[in-house]
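Protein chains in written order, with my numbering: chain Y, 1101 to 1217; chain B, 1101 to 1217. C-beta: ideal position from N, C-alpha, C; glycine also. The structure appears right after this line, and notes come after that.
Number of protein chains: 2
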Amino acid sequence: MEQTKAVAALAALAQDTRLSVFRLLMQTGPDGMIAGAVAEAMDVPPSTMSHHLAKLEQAGLVMSWRTSRLIHYAADYAGIHALLNFLMADCCRGDPNACADLLSAITCSASPEGAGV
Amino acid sequence: MEQTKAVAALAALAQDTRLSVFRLLMQTGPDGMIAGAVAEAMDVPPSTMSHHLAKLEQAGLVMSWRTSRLIHYAADYAGIHALLNFLMADCCRGDPNACADLLSAITCSASPEGAGV
DNA sequence: ATTATATTTCTACAATTGCAAAAATATCGA
DNA sequence: TCGATATTTTTGCAATTGTAGAAATATAAT
């Protein structure tokens, strides 16, 4: 991933509604949700949500497909993966121990505040 | 991490100069760099860099300390950790297999294009 | 064809952000 | 104290972004 794409992806996520949408779609899984349902869930007008979804899609963070009149949106796992990898590239001066501490506790499941890693 | 802080952190990273600075400091390690050296490395005026560094620090992504006239900046590993965890929270509907695929190949070292995971 | 539904594109405006020169602040050495 | 160095704060402007109503487009049902 190049810098320009990373900036676009981060900018797409750096907005309240879009960050919520992205996390919602991450949690929803590969089947995704239809555009209207996303707009309703976030309580914003369809035209506004359309803009946000387009920005997320252009950033490579979500993908869409059509079934008849409905347009489905789902998280693009490869996209978020590429972004995270770009952020962490060559970090810790290559020290595996420091890296392990940093990455080990990143999980897909919720991390309750008190939970030990 | 709450949503508001996550948006601030993502916005801090969603800018060309700041993203480069963050990655530079991630790679530099805990000793960090002095402000002037960062400005010089990025080829921007000190006042501009001061703004960028302040934004990164306010977002919890870098930390600073002073030794005499010099101010050191270094990556805040806890901050980036919290952000990544927030992004991935409850993803994949809790399916560990999907999560494993998503996270396994995120490494601190460089990932050459051809390298198998 | 006509109507209804789902979504996007167009449009306009308020609010935010990036930028860097100039001035101000902090620390050190003489 | 005075001058020199390092960094931040102030200031102002151009550019970008978020927002949502209205119009346009795509699909389906009658």
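Within its own chain, the residues whose Cβ lies closer than 7 Å to the Cβ of B/M1142, once the five positions on either side in sequence are excluded, are T1117, S1120, V1121 and M1149, listed in chain order. Remark: C-beta atoms of Y/A1174 and Y/M1163 approach each other more closely than 7 Å. Under the 7 Å criterion on CB atoms, Y/D1190 is classed as interfacial with respect to chain B. DSSP places B/V1121 inside the alpha helix (DSSP H), whose first and last residues are D1116 to T1128. Interface residue (Cβ-Cβ distance to chain B less than 7 Å): Y/G1132 is not classified as such. Using beta-carbon distances, Y/R1193 counts as an interface residue toward chain B, with a partner under 7 Å.
Annotation for Y/M1142: the continuous alpha helix (DSSP H) segment containing it runs A1135 to M1142. Judged by beta-carbon spacing, Y/A1114 lies beyond the 7 Å limit of B/A1154, meaning their Cβ atoms are not closer than that value. Nearest to Y/Y1177 by alpha-carbon distance, out of Y/E1102, Y/P1130, Y/I1134 and Y/A1139, is Y/P1130.
Taking each of B/A1109, B/A1108 and B/R1123 in turn and checking the Cα distance to Y/N1185, the smallest one comes out for B/R1123. With 16 or more other Cβ atoms from the protein chains shown falling within 10 Å of its own Cβ, B/T1128 counts as buried.
Counting along the chain, the unbroken beta strand (DSSP E) around Y/S1164 starts and ends at V1162 to T1167.
Less than 7 Å divides the Cβ of B/L1161 from the Cβ of B/G1179.
Close partners of Y/D1143 in chain B (Cβ separation under 7 Å) are lacking, with about 15 Å as the shortest Cβ gap. Remark: C-beta atoms of B/A1159 and B/M1101 do not approach each other more closely than 7 Å. If you check the CB distance, B/G1132 and B/H1172 come in under 7 Å. Nearest to B/D1195 by C-alpha distance, out of Y/M1126, Y/E1140, Y/D1190 and Y/H1152, is Y/M1126.
Against chain Y, a Cβ distance below 9 Å from B/M1126 picks out L1187, M1188, A1189, D1190, C1191 and C1192. Boundaries of the beta strand (DSSP E) harbouring B/A1175: L1170 to A1175, taken from the DSSP string.
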